[in-house]
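Here's the structure we're looking at; comments come further down.
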Amino acid sequence: MKSIQRSLALGLVAVLLVVALLLVQSSLWLFEAGLKRSLEADLREEAEGLLVAVVNGPDGVQLDTQRLSPRYQRAFSGHYFQIQLPGRTWRSRSLWDATPQWPQTPGLASELLDGPQQQRLLSYRAQYRRDGQPIVISVAQDYTPVLDSFARVRLSGLGLVGVALLVFLLVQRYAMALALRPLERARQQIAQLQQGQRQQLDSQAPLELQPLVEQINHLLTHTEDTLQRSRHALGNLGHALKTPLAVLGSLTQREELAAYPELQAGLQEQLAQIQQRVSRELGRARLAGEVLPGAHFDCDAELPALFETLAMIHRQDLDLRWQAPPGCRLPRDREDMLELLGNLLDNACKWARSKVVLTIERADGGYRLCVEDDGPGIPPAQREKVLARGARLDESAQGHGLGLGIVSDILAAWHGEWKLDDSPLGGLRVTIRLPAGR
Amino acid sequence: MRLLLVEDNVPLADELVASLGRHGYATDWLADGRDADYQGSSEPYDLIVLDLGLPGKPGLEVLRDWRARGLTTPVLVLTARASWAERIEGLKAGADDYLTKPFHPEELLLRIQALLRRAHGLANQPLLRAGGLELDEGRQSCRKNGEEIALTAGEFRLLRYFMLHPGQLLSKTHLAEHLYDGETERDSNVIEVHINRLRGKLGRELIETRRGQGYRFGGQP
Chain X
78 MKSIQRSLAL GLVAVLLVVA LLLVQSSLWL FEAGLKRSLE ADLREEAEGL
128 LVAVVNGPDG VQLDTQRLSP RYQRAFSGHY FQIQLPGRTW RSRSLWDATP
178 QWPQTPGLAS ELLDGPQQQR LLSYRAQYRR DGQPIVISVA QDYTPVLDSF
228 ARVRLSGLGL VGVALLVFLL VQRYAMALAL RPLERARQQI AQLQQGQRQQ
278 LDSQAPLELQ PLVEQINHLL THTEDTLQRS RHALGNLGHA LKTPLAVLGS
328 LTQREELAAY PELQAGLQEQ LAQIQQRVSR ELGRARLAGE VLPGAHFDCD
378 AELPALFETL AMIHRQDLDL RWQAPPGCRL PRDREDMLEL LGNLLDNACK
428 WARSKVVLTI ERADGGYRLC VEDDGPGIPP AQREKVLARG ARLDESAQGH
478 GLGLGIVSDI LAAWHGEWKL DDSPLGGLRV TIRLPAGR
Chain B
1232 MRLLLVEDNV PLADELVASL GRHGYATDWL ADGRDADYQG SSEPYDLIVL
1282 DLGLPGKPGL EVLRDWRARG LTTPVLVLTA RASWAERIEG LKAGADDYLT
1332 KPFHPEELLL RIQALLRRAH GLANQPLLRA GGLELDEGRQ SCRKNGEEIA
1382 LTAGEFRLLR YFMLHPGQLL SKTHLAEHLY DGETERDSNV IEVHINRLRG
1432 KLGRELIETR RGQGYRFGGQ P
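These protein sequences, in sequence, are chains X and B.
With the first sequence counted from 1, adding 77 to any position gets you my numbering.
With the second sequence counted from 1, adding 1231 to any position gets you my numbering.
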């Protein structure tokens, strides 16, 4: 996943690094160029000094050693020269046995020469003419100390750059965290929304996020309204269809029809089919499924009412119990959950001898819902059939009052699973697994 | 037993009134929520069958208002809204039972029977038992010491009412109010005639006359 923070940090570091390196290197270059210019002037003066030392003696041209600087006498002192006259050459004593590749072109040599004892030499060649004779004077100076100090400067420069980058990164991180705090808040709110802990996002968002938050809130309200409206419309449709069905059902009981039992049975069967189909399809159409991210089922608030209803509908001597973690909120639509639990528990109550237990617990990152009774249960061979009958509308046998078709529809919409097995209470146990996320 | 049926669908109401009448219930029928709101709490009904989709005033509101005014008459809600959320809503509003449309007419009769017995603190057994008698409400006949005794419709109505109120002093007006619907002319002589016939069939000591006060069924004081 791409994080704004990370990509911004990456870009900033790259830019800073390139700029800092360019800065260090180019300032070193500029400084070196200036240094070389001043060294060139020094070397030219040295060369002119040497020219003065070349004197006309009694035996022709000779080098006046009195005029030479003592550093040319000390071996490997770092200052060297070579004077070339047609027919003879003088080398400084400091060169000892070394023979550097003196430059061939006048002026400051562009390359450094290899000197004695791993010295790197900056050299200068000057050409003069005296009494018609050409005099070539090459002087050189040890450049290694300068190179060494440059290397030190570069190293410490890079160190500084590194430290600066680190400081920059920390400051940027802090600034980003500050600037992105509203986004982070929105992210947390959306997470809460998905866990069913809130229904709307906070409208107190910064200017840039305002339209987004408003739009999300609008969509949430709109979806909820649509769901309410369509549920209401389905209720009306159900009313409009089922009342005439009730009339027809009651008409088939008329004594006039009792004289024609076949006709009566046929009518009743067809009516039952219509009725079942209508109930199933209307029930299915009512499902919210996963449309509403903020939907939740508050166990502590809803289960007591559901159990009171069940206790009222069924035999008075049934022991109905439920067990859920304190403050348990299932991230599912309230009406869907009531429909699921209502049908399962209603079924359990019908078959139970004396006891029905609902257990809700967190498991494997989701939820596990268990409905158990102490009734006769369902033989293993028939359990598959019950599950399949729930799943396939066409084969749903009528009159069993199992109400499991809608359970199967709800579970399909939620991507949940269910299985039937024996309960420790002695009857059937229906176990439902719901994934936590949506 | 006097029932109030609140249902806006005329054909269904006709069917139900007829079927309830056959089973010995005196039934008043209303189609509008506002009328039901008034009449439900002003007349002494033994049970109310209330449809939720009503013109004038929604059934749930009618029910809430009745309960807010302290009406304790058992109410059976009849509705096409079958979802559990709506069922819970209905029972929270004060319904005592909930029957979803479409339904079998026998189912409604059984629910009414069960609800009436529950309201009078009796267990829901197939036969109604009181004062040494067993009453089969389906067949409208009565058994005493294993001997089957046939009853006319009028006798059945009266005996059922007595058996649901054993040991209670019931005045003639009270009986007339609970045995006849609002449209029938109430003639107290008819009740006397039925009581005399019941005494003839079941024994004189069964129904005691308290002069100027009314009648009492069953041996208990």
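Idealized CB from N, CA, C, for every residue including glycine.
Small disclaimer: the values here were computed from a predicted structure and weren't measured.
Given residue i as reference, the closest of the options once Cα atoms are compared
i	options	result
B:Arg1391	B:Asn1240, B:Arg1298, B:Thr1440 and B:Leu1406	B:Leu1406
X:His156	X:Lys432, X:Leu198 and X:Gly366	X:Leu198
X:Leu397	X:Ser431, X:Leu407 and X:Pro180	X:Ser431
X:Leu257	X:His309, X:Glu285, X:Gly234 and X:Glu412	X:Glu285
B:Pro1275	B:Leu1341, B:Leu1235, B:Asn1427 and B:Glu1386	B:Leu1235
X:Leu270	X:Ala152, X:Val131, X:Pro163 and X:Arg406	X:Arg406
X:Ala228	X:Glu188, X:Arg411 and X:Val101	X:Val101
Contacting residues, own chain, Cβ-Cβ under 7 angstroms from residue i (five flanking each side not counted)
i	result
X:Val90	Leu242 and Leu246
B:Tyr1329	Val1308, Arg1318, Gly1321 and Leu1322
X:Pro453	Trp428 and Gly504
B:Glu1379	Ser1372
X:Ala362	Leu311
X:Phe153	Ser171, Trp173, Pro193 and Gln194
X:Leu421	Val448, Val484 and Val507
Strand pairing of residue i, partner residues [DSSP]
i	result
X:Phe374	X:Leu407
X:Trp167	X:Ile160
X:Val96	DSSP lists no partner for X:Val96.
X:Asp191	X:Arg197
X:Ile214	X:Ile160 and X:Ala203
X:Gln132	It should be pointed out that residue 132 of chain X corresponds to Val in this sequence rather than to Gln. Beta-bridge pairing links X:Val132 to X:Gln139.
B:Thr1303	In DSSP, B:Thr1303 forms no bridge with anything.
X:Cys447	X:Thr436 and X:Thr508
B:Val1308	B:Leu1281 and B:Tyr1329
B:Phe1448	B:Ile1438
X:Gln400	X:Thr436
B:Thr1258	B:Leu1234
B:Ser1372	B:Asp1367 and B:Ala1381
Any C-beta of chain X under 8 angstroms from that of residue i
i	result
B:Ala1384	no
B:Ile1343	no
B:Arg1318	yes
B:Glu1246	yes
B:Gly1284	yes
B:Ser1272	no
B:Lys1288	no
B:Trp1315	yes
B:Tyr1329	yes
B:Arg1312	yes
B:His1405	no
B:Leu1243	yes
B:Leu1322	yes
B:His1335	yes
B:Asn1240	yes
B:Ser1453	With chain B covering 1232 to 1452 only, the question about residue 1453 of chain B has no answer from this structure.
B:Lys1375	no
Neighbourhood of residue i by C-beta distance below 6 angstroms, restricted to the same chain and skipping five residues each side
i	result
X:His477	Caution applies to X:His477, whose pLDDT of 41 falls short of 50 and renders its modelled position unreliable; the value that the coordinates give is listed next. So no residue of the chain qualifies.
X:Leu380	Trp399
X:Phe158	Leu127, Ser169 and Val216
X:Leu446	Ile437 and Ile509
X:Gln119	Rather than Gln, the amino acid found at residue 119 of chain X in this sequence is Asp. Nothing listed; no residue qualifies.
B:Glu1238	Ala1244 and Asp1282
X:Gly360	Ile483
X:Lys496	Thr508
Below-8 angstroms beta-carbon distance, residue i vs any chain B residue
i	result
X:Ser473	Only weak support is given to the placement of X:Ser473: the predicted model assigns it a pLDDT of 41, under 50, and the question is left unresolved by the model.
X:Thr320	yes
X:Thr386	yes
X:Leu334	no
X:His316	yes
X:Leu446	no
X:Ala342	no
X:Ala382	yes
Own chain partners of residue i with C-beta closer than 8 angstroms, once the 5 adjacent residues on each side are dropped
i	result
X:His299	none
X:Gln475	Any reading at X:Gln475 must be qualified, since the residue scores a pLDDT of 38, below 50, and its modelled position is unreliable; the value itself is stated next. If we look at X:Gln475 and ignore the five residues flanking it on each side, its Cβ neighbours are Ala349, Gln350 and Gln353.
B:Leu1302	Gly1271 and Ser1272
Taking 8 angstroms as the cut-off, does the region 1297–1308 of chain B touch the region 1344–1354 of chain B (at least 3 CB pairs, one atom from each stretch)?
With a cut-off of 8 angstroms, the region 1297–1308 of chain B and the region 1344–1354 of chain B count as touching, because enough Cβ pairs lie within range.
Is the region 328–338 of chain X touching the region 380–396 of chain X, taking contact as three or more C-beta pairs under 8 angstroms?
Result no; under three Cβ-Cβ pairs closer than 8 angstroms.
Taking three-plus beta-carbon pairs below 8 angstroms as touching, is the region 1435–1445 of chain B in contact with the region 1382–1400 of chain B?
Enough Cβ pairs lie closer than 8 angstroms, so yes.
Stretch-stretch touch, CB-based, cutoff 8 angstroms, three pairs: the region 130–140 of chain X with the region 182–194 of chain X
With a cut-off of 8 angstroms, the region 182–194 of chain X and the region 130–140 of chain X do not count as touching, because too few Cβ pairs lie within range.
For the pair the region 1404–1419 of chain B and the region 1348–1364 of chain B, tell me if three or more CB-CB distances fall below 8 angstroms.
Contact annotation: the region 1404–1419 of chain B does not touch the region 1348–1364 of chain B, with fewer than three C-beta pairs closer than 8 angstroms.
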